[in-house]
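A short write-up of the structure that comes next.
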Amino acid sequence: MKIEDRVLIAGAGPVGLVAAVSLVENGIPVTVLEASADLAVDLRASTFHPPTIDFLDRLGLADGLIARGIKCPLWQFRDRKEGEVATFDLGILKDETNHPYRLQAEQWKLTEAARARLEGDPNADLITDIVVEEVAQDADSVTVTARRKTGEVEKFRAAYLIGADGARSTVRKSTGVEFPGLTIPEIFLSLSTPFRYDEAIEGLADICYISDPEEWLVLLRTPTLWRVLFPTDPNLSDEEILDPARIEQRMQDLLPGEPYEIAHKTAYRVHERVAEQYVHGRIFLAGDAAHLNNPLGGMGMNGGIHDAVNLADKLTQVWQGASIDLMGRYNRQRRKVAIETVQAQALRNRAVLNETDPAKRQAYHDELRATVDDPQKHMAYVMRSSMIQSLRDLEDVS
Ligand SMILES: O=C(O)CCc1cccc(O)c1
Numbered sequence: 001m002k003i004e005d006r007v008l009i010a011g012a013g014p015v016g017l018v019a020a021v022s023l024v025e026n027g028i029p030v031t032v033l034e035a036s037a038d039l040a041v042d043l044r045a046s047t048f049h050p051p052t053i054d055f056l057d058r059l060g061l062a063d064g065l066i067a068r069g070i071k072c073p074l075w076q077f078r079d080r081k082e083g084e085v086a087t088f089d090l091g092i093l094k095d096e097t098n099h100p101y102r103l104q105a106e107q108w109k110l111t112e113a114a115r116a117r118l119e120g121d122p123n124a125d126l127i128t129d130i131v132v133e134e135v136a137q138d139a140d141s142v143t144v145t146a147r148r149k150t151g152e153v154e155k156f157r158a159a160y161l162i163g164a165d166g167a168r169s170t171v172r173k174s175t176g177v178e179f180p181g182l183t184i185p186e187i188f189l190s191l192s193t194p195f196r197y198d199e200a201i202e203g204l205a206d207i208c209y210i211s212d213p214e215e216w217l218v219l220l221r222t223p224t225l226w227r228v229l230f231p232t233d234p235n236l237s238d239e240e241i242l243d244p245a246r247i248e249q250r251m252q253d254l255l256p257g258e259p260y261e262i263a264h265k266t267a268y269r270v271h272e273r274v275a276e277q278y279v280h281g282r283i284f285l286a287g288d289a290a291h292l293n294n295p296l297g298g299m300g301m302n303g304g305i306h307d308a309v310n311l312a313d314k315l316t317q318v319w320q321g322a323s324i325d326l327m328g329r330y331n332r333q334r335r336k337v338a339i340e341t342v343q344a345q346a347l348r349n350r351a352v353l354n355e356t357d358p359a360k361r362q363a364y365h366d367e368l369r370a371t372v373d374d375p376q377k378h379m380a381y382v383m384r385s386s387m388i389q390s391l392r393d394l395e396d397v398s
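Under UniProt numbering, residue 398 is the last one in the sequence shown; the count climbs by one each step, no gaps.
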């Protein structure tokens, strides 16, 4: 079977599609294989951090997204009983990024724009309703065996394969790469409602992390809905967690009033895992296929998009004649970020919200107040939490 002069990409989520657009921008042909019939339009990640918007801007994907999102320069840390603890201002990043705010926009708005970009490019092929079943490689190529919905089995042989096929990645499993880490005990319950928390709670920012010794939560505004994230007892069944009466009670406990309209609800287990290797010969892992973390801080999709951009940049150099050894730097750089920044920060965010000891809670809150009151500390904090610092630090990784 002839080796096609192109890159195969498994998965048409934000990571796979940003990798695809980055490669075709550099004149490299791609074929994207997506298991679903269409791109996902459910409410998944909904925060874009400043450097992610900078990257998307270079690909021509930012303007449309910004027009359909909400610019949020402020985010807050609150105490459920006492209210505001500290408000962080991303506006102070104006000399570090062209987009000094978090953009709240549903991830499908990005995938939709990326698909439109690919549809107009003769170098891009997006095939949906096709499931990757097997992956093999030799010295010169990678062969993917995939099954169409009709049952028809097809083989694709190309120069390289990017596995952006999510947490249960078939590509990762095919490489035998370990995916060590842990599953955190509590179940996360994610709800969304048209209720306007911003109109009901004075001084509330559009993004709020709210600590409480009994039940922390996150309130997050999207263009159409407010999202509410609660930790939930893992001893309850999914049916119990998602029971409408129980949900209504939790919402009333948070803010009593009229019955809440719940537009969406999902309960999910959260894993903290990083693949042992992102590079396996001609196969490269990115996004959730490579690393998983808790959602606190909104770093999962953003980190995946940063993977895609870094990977596409290096693969372009390899395509143009550089040694494939360059991909080792992709592995070293992006694994370091996943472990030392994304995972460490997401675990710290959970620890702060979860803390029940009154003295430790007080100490955390005092530290956050002191941070926003000190311009240098404030800057260092938002450089880290906005993911700019982790990208700068990568330059030191050989
Ligand atoms: O911290 C973030 O940006 C995301 C946290 C979150 C909020 C609401 C629902 C959800 O699944 C995660």
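We treat Cβ as the ideally placed atom computed from N, Cα and C, and that holds for glycine.
Here the structure is a predicted model, which is why all the values come from computation and not from measurement.
- DSSP places Gln-343 in no beta strand (DSSP E); its state is neither H nor E.
- Scanning its chain for C-beta atoms nearer than 7 Å, with the 5 sequence neighbours on each side dropped, one finds around Val-15 the residues Ala-164, Ala-286, Gly-287, Gly-304, Ile-305, Asp-307 and Ala-308, in chain order.
- Asp-125 is bridged by DSSP to Thr-31.
- A distance below 6 Å between beta-carbons, with the five flanking residues on each side excluded, links Val-41 to the following residues of its chain, in chain order: Trp-108.
- Of the heavy atoms belonging to ligand 1, at least one sits nearer than 7 Å to the Cβ of Val-218.
- The Cβ atoms of Ala-312 and Leu-61 do not sit closer than 8 Å to each other.
- Closest in alpha carbon position to Tyr-160, among Val-171, Ala-167 and Glu-152, is Val-171.
- Residue burial is scored here from C-beta neighbours: Thr-175 has at least 16 other C-beta atoms within 10 angstroms and is therefore classed as buried.
- Within 10 angstroms of the beta-carbon of Val-153 lie fewer than 16 other beta-carbons, which makes it exposed.
- C-alpha of Ala-359 to C-alpha of Arg-196: approximately 33 Å in a straight line.
- Secondary structure note for Gly-297: it is in no beta strand (DSSP E), with a DSSP letter that is neither H nor E.
- In terms of Cβ geometry, Leu-255 and Ala-200 form a close pair [threshold 8 Å].
- In the structure shown, Gln-107 adopts helical secondary structure according to DSSP, grouped into three states.
- According to the DSSP assignment, Gly-120 belongs to no beta strand (DSSP E), since it is labelled neither H nor E.
- With respect to the 8 Å criterion, Asp-38 and His-365 are not classified as neighbours on the basis of their beta carbons.
- In this structure, the beta-carbon distance from Arg-269 to His-291 does not fall below 8 Å.
- Taking 8 Å as the upper bound for CB-CB distance, Ile-70 and Asp-206 are in contact here, some 6 Å apart.
- Only residues of its own chain outside the window of five on either side were considered, and among them Lys-265 and Ala-267 have a CB closer than 7 Å to the CB of Leu-242, listed in chain order.
- Straight-line spacing of the CA atoms in Thr-224 and Glu-4 works out to 43 Å.
- In this structure, His-271 keeps its C-beta atom at 8 Å or more from the C-beta atom of Val-177.
- Under the three-state reduction of DSSP output, Ala-167 falls in the coil class, being neither helix nor strand.
- Judged by DSSP in its simplified three-state form, Leu-229 adopts strand.
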